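Asks: In this text, residue positions in the sequence shown follow full-length UniProt numbering: the first is 1, and each later residue adds one.
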Amino acid sequence: MSSIPPFRDPTAPGSSLVPRQDWDRAPWNRWTFQHVRDLLPTTQVWRGAGPASLLPADLRDIDAIAFAAEGQAYTIGSFLETSYADGLLVLHGGKIVAERYLNGMTPHTQHLSQSVAKSVVGTVAGILIGRGVVDPAASLTHYLPELEATAYRGATVQHVLDMTSGVAFDETYTALDSHMAQLDVASGWKDRWNPNWPTNVWDLILSLKDLECPHGTSFRYRSIETDLLSFVLQRAAAAPLGELVSRELWAPMGAEEDAYFTVDAAGYALGDGGFNATLRDYARFALLHLRGGEIDGRRIVSTEWITGTRFGADPTLFGGVYQEVLPAGAYHNQFWIEDTVRGVYMARGVFGQLIYIDPVADFAAVVLSSWPEFVSSTRMRTALAAVRAIRGALSS
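Listed below in structure tokens is the structure:
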């Protein structure tokens, strides 16, 4: 195993420019995931005017913790050197016990979280559900009647929270003609090379006319469903997504820094993967969940919604390729559930983003990365083994 050097700043004299169509891919993502607002239009998620919530530190040396994964022996130190990690923060007992920055990242750097954004949006949904602003059992067309002409007719808000609608959506990241490729274009992440493709995310949603299975019968990972949920929240609360995340979550939880979303040509903040924040503020988000929806004594998310997220999933809807990483897993309320017995749950994003939350152990870990691959079951299993090894060492 050899350590991975930082990626050279492409803005430095003599460096190659970041290619527009490949900005989010290796090797460019080693730099771009920490500089997204230098490349794309964005909207602010204000931290609010109040003080930052407390994150006391009790730092430990975790580098020598040993573990095995995928037939190899590691220490946490060697894992960090070889895993394309950009940042690691570990919480135990409400305190930071480890905080590491790599690849040029700093405490004030906002890092792209990819699909961790889905869990941020899901948490805002939980807040609005707890206040009665959104009804998860209601049909999507109750909030968005325009969907009557799409395959989402008959689906509920809970179906998109759990990604169990039956709508056909090809999530293949590397295919040039997949729905995901269309979403890259519609979101403004990539140039539009096909003149027939939608120019914004809402129009892409309206173009989805085909069912692959009945609503509510199977979990299929569809990024567009988080965007659909975001439009429900915006319509129900009469505010754009960036403002909702600031007002309902980021400011109340006491974020230390502003966050931001990328936006499409129509100004929509990309709820499925365009969220950027600092390592410590991702940790505050994890701490909010560890504390059952409270932080610094402030109730932000209802206990019922947090408990329901941890234990309310239906594992029978979860299978196939998803079990390569989570063999006893499930998906619920925009979170991945490690198992529905202990109630460990996580936010995950492509290229190695992870927030792991174990309330039983009062433990959470945030890993921000810039893998060379979109998805790697081997890398994710290794990252989870590392996190569990840290948890075990701290718990002992």
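We put the beta carbon where it would ideally sit given N, CA and C, even for glycine. All of these numbers come straight from a predicted model, not from anything done at the bench.
(1) Out of Gly274, Leu144, Phe311, Asp272, which has the shortest C-alpha to C-alpha gap to Ala238?
(2) Going by DSSP, which residues form a beta bridge with Leu91?
(3) Based on Cα-Cα distance, which residue from Phe219, Tyr268, Gly154 lies nearest to Asn200?
(4) With distance defined between alpha-carbon atoms, name the residue in Ser370, Val124, Ile390, Arg379 nearest to Trp23.
(5) Kindly give me the distance between the Cβ atoms of Val255 and Arg299, rounded to whole angstroms, as I take these residues to be in contact under 8 Å.
(6) Short of 7 Å in beta carbon distance, which residues of its chain neighbour Tyr345, apart from the five on each side in sequence? Order them along the chain.
(7) Under a three-way DSSP split, which group does Leu176 fall into?
(8) Report the three-state DSSP secondary structure of Glu355 (helix, strand or coil).
(9) Which value, in whole angstroms, describes the spacing of the CA atoms of Thr340 and Val134?
(10) Taking only the alpha-carbon atoms, compute the straight-line gap between Ile4 and Val157 and give it to the nearest angstrom.
(11) Pull up the distance between the alpha-carbon of His215 and that of Ser376, whole angstroms please.
(12) For the beta strand (DSSP E) containing Asn276, list its first residue and its last residue.
(13) Pull up the DSSP beta-bridge partners for Glu146, would you.
(14) Does the contact criterion of 3 or more C-beta pairs under 8 Å hold for the segment 189-209 versus the segment 7-23?
(15) Once you ignore the five residues that flank Gly122 on each side, which residues in its own chain have a CB closer than 7 Å to its CB?
(16) Quick check on His35: buried or exposed, where buried means 16 or more other Cβ atoms within 10 Å of its Cβ?
(17) Classify Asn29: buried if its beta carbon has 16 or more other beta carbons within 10 angstroms, exposed otherwise.
(18) Would His111 be called buried (16 or more neighbouring beta carbons within 10 Å of its own) or exposed?
(19) Starting from Thr382 and walking both ways along the alpha helix (DSSP H), at which residues does that stretch end?
(20) Could you spell out the range, first to last residue, of the beta strand (DSSP E) harbouring Arg310?
(21) Given this structure, state the Cα-to-Cα distance separating Gly130 from Trp305, to the nearest angstrom.
(22) According to the Cβ coordinates, are Ser207 and Glu171 closer than 8 Å?
(23) For a test of the three-state rule: what should DSSP assign to Trp202, helix, strand or coil?
(24) Grouping DSSP H, G and I as helix and E and B as strand, with all else coil, what is Ser187?
(25) Could you pull out every residue in the same chain whose Cβ sits closer than 7 Å to the Cβ of Cys213, ignoring the five residues on either side in sequence?
(26) Excluding five sequence neighbours on each side, which residues of the same chain lie with their C-beta closer than 6 Å to the C-beta of Gly292?
(27) Please state whether DSSP places Phe261 in a helix, a strand or coil.
(28) Expressed to the nearest angstrom, what Euclidean distance is found between the alpha-carbon atoms of Arg235 and Ser16?
(29) If you measure between the beta carbons of Gly312 and Tyr322, is that distance less than 8 Å?
(30) Please classify Glu148: is it buried, with 16 or more other beta-carbons within 10 angstroms of its beta-carbon, or exposed?
(31) Is the segment 242-258 touching the segment 50-63, taking contact as three or more C-beta pairs under 8 Å?
(32) Could you check which residue in Val185, Ala251, Leu229 has the C-alpha nearest to that of Val263?
(33) Considering Trp31, what are the terminal residues of the alpha helix (DSSP H) in which it resides?
(34) Of the residues Ala66, Ile65, Ala73, Ala98, which one's Cα is nearest the Cα of Asp58?
(35) Under DSSP, the beta strand (DSSP E) around residue 405 begins and ends at which residues?
Replies: Straight from the coordinates:
(1) Leu144
(2) Ile96, Ala364
(3) Tyr268
(4) Ser370
(5) Note on residue identity: the sequence assigns Ala, not Val, to residue 255. No, Ala255 and Arg299 are not in contact; Cβ-Cβ is about 17 Å, not under 8 Å.
(6) Cβ within range, chain order: Thr309, Arg310, Phe335, Trp336, Ile337, Glu338, Ile357.
(7) coil
(8) A small correction: the amino acid at residue 355 is Ile; Glu does not occupy that position in the sequence shown. Three-state result, Ile355: strand.
(9) 25 Å
(10) 43 Å
(11) 29 Å
(12) 275-277
(13) Glu146 pairs with nothing; no bridge assigned.
(14) yes
(15) Leu161, Asn333, Gln334, Phe335
(16) buried
(17) By the neighbour-count rule (16 or more Cβ atoms within 10 Å), Asn29 is buried.
(18) buried
(19) 377-395
(20) Element bounds for Arg310: not the beta strand (DSSP E) but the alpha helix (DSSP H), 303-311.
(21) 7 Å
(22) Going by C-beta atoms, Ser207 is not nearer than 8 Å to Glu171.
(23) helix
(24) coil
(25) Gly166
(26) Thr303, Ile306
(27) Residue state for Phe261 is assigned as strand, using DSSP reduced to three classes.
(28) 43 Å
(29) no
(30) exposed
(31) yes
(32) Val185
(33) Where Trp31 is concerned, the enclosing alpha helix (DSSP H) stretches over 29-32.
(34) Ala98
(35) This structure leaves residue 405 out entirely; the chain is present only between 1 and 396.
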